[in-house]
Each structure stands twice: as C-alpha cells, then as structure tokens.
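Taking it in order: structure first as structure tokens, then the write-up.
In the numbering used here, the protein residues as written are 1 to 482.
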C-alpha cells in the first residue's frame, strides 16, 4: 500500500533534507558505481528504464539514468515523492489503474508508463533520501526474487553513498590533518605530545632548529633526558598541582642541545587524558637580555652620574636614582615624556643649541651643557651626553643620556672669569710666569708700564730684558728665585 500524504512533519522534513545535503550528492557528475547498480536493477527487473534519484524540497534529481536521459523533474510530477513516505518496496503493476498515478502526464501522455517499482534509499538514521526505481511501458509485476533483489540493490546504493561520504570526510580530515601538520611543523616553537611518563610520542620539526635533534631521535625518550641535571623533582609540586587541577602551567628549563649548548626553554604544558601536551619557546636570548639588563641596571643605579633611557620616539622609559638626585625628577615625572619638555634646559649659546638640534635630526651623538632649574627650583648646570642605540637596519632604537652635574665647574669658571677681569683692569702691573720663568699672562697696566704687549712676551723668559741701569741686581735675583 502506498501512502498518499506527502506532508511530512515540518521538523522531520528539515532533518531529512539536512541528511540528504550531508551526502553532498546533488548536482554531481555521473559515477560508474551508481550507474552499474541502476543497470543491474534494469536487468534483474526486466525493465527498460532504471534510475537512482534523490528528492529535495523542490525536485527529484537523477543521479544514475538507464534508458532515458533526464536531469530532474519538478516535485509535483514525481512518483517517488509518494514512495519515500514508505520504508518498504513499492510496486505498481499498472499505473493507469492506480488512483495516485493515473492522471500523471507520463501515464496519460505519449510516454505511456504503466509498470513502476521503487525501493527507498534509507540512511543509517532512518531518513528516506531517495529511491532506486524502475519503469516499463508494459503492465507487469515482480517476482519475490526480483523484489528482494531490487531492495538489496537499493541497500547497495545507500552503502555506496555512505562509503562515498565517508571517503570524502576522510579526505577532508586528511587535508585538515595535512594543514595542521604543515602549521605544526612551520612553528618556530617546539610542540609535542608525551605519555604520562613524559616519553615523547610526537614532536614537530622545530626541535631540530631549536635544539639540533631530529624528531625521530627524540621520540621515545623522556623529556627530562634533555633537561640539565634531569631534575624532575624540582618541578614535581607544580606538575602534581597541574594534574590535580587539570590546568595548564608554565615552567622554564635549562635544556641541553645536541652540540652541548645550554638553552633556556619556556614551556606551557597540560596533562589531559593520560597525555602531556606541551609547547616550548626558546627564551635564551631574552634570558640573556634580562640578565644583562639587571646587571646594567645595577651598575647604572649605583653610579653618581644620571642615566636616562628613552625609546625610539625619544620618550623616557627609565632613569636611575642619580638622575633624581641631580634634577629632583623621578621616573614618574618623566616616564613617557620627552626629557627636554620636563627639564627645559637652556644651552650656553645659540650655536650650541643649533648643533644639538642638527644632531637630533640626524640621529647622531651629541654633547651639550644646559642651565636649568631642578624640580625644587634650584638653578644648576648639567652636561648631557646623548648616545643613540641603532637597530640592525640602521634606525634609532633607543637613546641613552648621561647627565653630569657641572654646577661647581661652571661656578669655578665664572669665578675665574671675574678674577681675570679684575686683574686685567687693576692699575697695578701684574704678570704671571710658569716654572721655567716664561711669561704666561700679564694685565693691561703691566703692558703700559713696560711697553711690551702680552703677545710680545708670551712664552718667553724675561731675563735681563727689563733690567735698567739703576736696578739692584741682588734684589732682582731674589725676586727671580721667589
């Protein structure tokens, strides 16, 4: 008996269509396996027309076609839209006498279909997604053997469809696996899977570039074989807590490379379902940088000169304690700012300022003396020595400035200038000689008294040049000795 109602429950129909679409068979080219099944059905049932079809929400689409070339028919013209409501074989000996089909065009028209038999294609979830059907223009029936064979062939068609789907899924899975494998082995980090005893089961190619070992040499060995001192106990509490909490954790190990070098590897690991999943990153360079930075920071923090480090944009990132002692400004005052905006130092003259600006524009070292007020308002003089640090491509990566308090030196220079001016303007004649008796300086009054200029006598010994006839030589010699 054929069910006449095509109205599936809406949710069930959505699920049936989803099942059909999961096989990705609609609108695909012919396949010899399906053609062979349809041909065999035609032969067994002695029917000139045989088809393997699939039914979606708008049409009946023909995958395999024997005896008549057709791609699809609208759903309203389909015999099989009725038969997929059944889970068993449907046989119509004479369609012209069947109330469901007698008015169909292919029955009443020139095509003149009479005999029709259809076995549903039922997927493992029970959804009827298509049919294996045969037609003839002569009325007839099928023997029990033919009925059984047609049902069996429908099962074979469904089995092949399943295999086709599984093959495609396997191919897709394999492709995804290949892509993941490519990604896995393209990583600069070590990725591995190990058993519960930390014996490596799988490891990517990065182990070669990082540690020098071939992946096949690492497989089967314990991770701790590569750790300096094989010291698992050091990390035992961390590992135990991770296993208990089922969380990932991080640790750093000193790891021995194939050529005996010690590298620092930072690991992120997790224990799950009896396996260790771990990723290791080579942090040797960063470790050395941190160590060097700590050492340099210790040195810089203890020297008496101020040290200021700025980034490539010349924004301050670090100052030492001496900088605060000199200027009154701490890191909080200058961090992220241009040092000149905070200190607002004034160069000794315009030429010095111009030279500094040109050096900054070109990214080259410079040195300049600046007068400024400390944070507390006290006037001071500092000497700034700026040294750019260059990256490999030649760009300025950092600026390091050494700040020296030269206030006392500037005060001494100023005092000397005052004394020099006073001595030069004194009405008394004054001259200065070095240890060898050579003139090094004399004031204007002395030039007027003796008639010689400083240019005439500089670096010369006086001798008897200035001795007159009435000079007391004994007194003169005593003066020379003095």
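Ideal Cβ placement from N, Cα and C applies to all residues, glycine included.
With DSSP as the reference, please indicate the residues paired to residue 282 in a beta bridge.
265
Round the Cβ separation of residue 122 and residue 87 to the nearest angstrom and send it over; I've been treating them as touching at under 8 angstroms.
6 angstroms
With DSSP as the reference, identify every bridge partner of residue 250, one or two as the case may be.
268
Verify whether the separation of the beta carbon atoms of residue 194 and residue 278 is less than 9 angstroms.
It is a contact, given that the beta carbons lie within the stated cut-off.
Please name the residue, chosen from 399, 345, 73 and 91, that lies closest to residue 143 on a Cα-to-Cα basis.
Measuring from the Cα of residue 143, the nearest candidate turns out to be 91.
Which residues share a DSSP beta bridge with residue 49?
135
Whose CA, out of 200, 98 and 94, lies closest to the CA of residue 114?
94
For a test of the three-state rule: what should DSSP assign to residue 15, helix, strand or coil?
Note: residue 15 maps to helix in three-state DSSP.
Closest to residue 200 by CA distance: which of 223, 165 and 210 is it?
223
Taking just the CA atoms, how far does residue 396 sit from residue 327?
26 angstroms
Taking DSSP's pairing of strands, which residues face residue 381 in a bridge?
Paired residue(s): 371.
How many angstroms separate the CA atom of residue 29 from the CA atom of residue 63?
8 angstroms
Apart from the five residues on each side of it in sequence, which residues of its chain come closer than 7 angstroms, Cβ to Cβ, to residue 249?
Excluding residues within five positions, the ones whose Cβ falls inside 7 angstroms are 238, 242 and 269.
Rounded to whole angstroms, what is the Cα-Cα separation between residue 146 and residue 52?
17 angstroms
DSSP on residue 303, reduced to helix/strand/coil?
coil
Check whether the region 11–18 and the region 35–51 touch, using three or more Cβ-Cβ pairs below 8 angstroms as the test.
Contact between the region 11–18 and the region 35–51 is absent, because fewer than three Cβ pairs lie under 8 angstroms.
Shortest alpha-carbon distance to residue 271 belongs to which of 245, 443 and 435?
Of the candidates 245, 443 and 435, the residue whose Cα lies closest to the Cα of residue 271 is 245.
Answer yes or no: do residue 406 and residue 369 have a C-beta to C-beta separation smaller than 9 angstroms?
yes
Going by DSSP in three states, residue 353 sits in which element: helix, strand or coil?
helix
Which residues bound the alpha helix (DSSP H) around residue 172?
144–186
Expressed to the nearest angstrom, what Euclidean distance is found between the alpha-carbon atoms of residue 150 and residue 132?
8 angstroms
Please state if the CB of residue 415 and the CB of residue 399 are separated by a distance shorter than 9 angstroms.
Taking C-beta atoms as the reference points, residue 399 and residue 415 fail to come closer than 9 angstroms.
Do you know whose CA, among 56, 35, 421 and 329, lies nearest residue 50's CA?
For the residues 56, 35, 421 and 329, the minimum Cα distance to residue 50 belongs to 35.
Helix, strand or coil for residue 4? Go by DSSP, reduced to three states.
For residue 4, the predicted model reports a pLDDT of 46, less than 50, meaning its position is unreliable; a value from the coordinates is still stated below. In this structure, residue 4 counts as coil in the three-state DSSP scheme.
What number of angstroms, rounded off, separates the C-alpha of residue 323 from the C-alpha of residue 413?
24 angstroms
From which residue to which residue does the beta strand (DSSP E) around residue 117 run?
Residue 117: member of the beta strand (DSSP E) spanning 115–122, first to last residue.
Could you tell me whether any non-hydrogen atom of the ligand HEM is closer than 8 angstroms to the CB of residue 438?
No copy of the ligand HEM appears in this structure; indeed no ligand is present at all.
What first and last residue would you give for the alpha helix (DSSP H) that runs through residue 445?
444–450
Along the chain, where does the alpha helix (DSSP H) that runs through residue 324 open and close?
321–327
Please return the same chain residues whose Cβ sits closer than 7 angstroms to the Cβ of residue 446, not counting the five positions on each side in sequence.
429, 430 and 431
Would you identify the three-state DSSP class for residue 88, choosing helix, strand or coil?
coil
Helix, strand or coil for residue 101 per DSSP?
coil
Restricting to Cα atoms, I'd like to know which of 404, 382, 410 and 364 is closest to residue 390.
364
Could you check the C-alpha separation between residue 186 and residue 255 for me, to the nearest Å?
22 angstroms
Please report how far the alpha carbon of residue 419 lies from the alpha carbon of residue 289, in whole angstroms.
Distance between the alpha carbons of residue 419 and residue 289: 52 angstroms.
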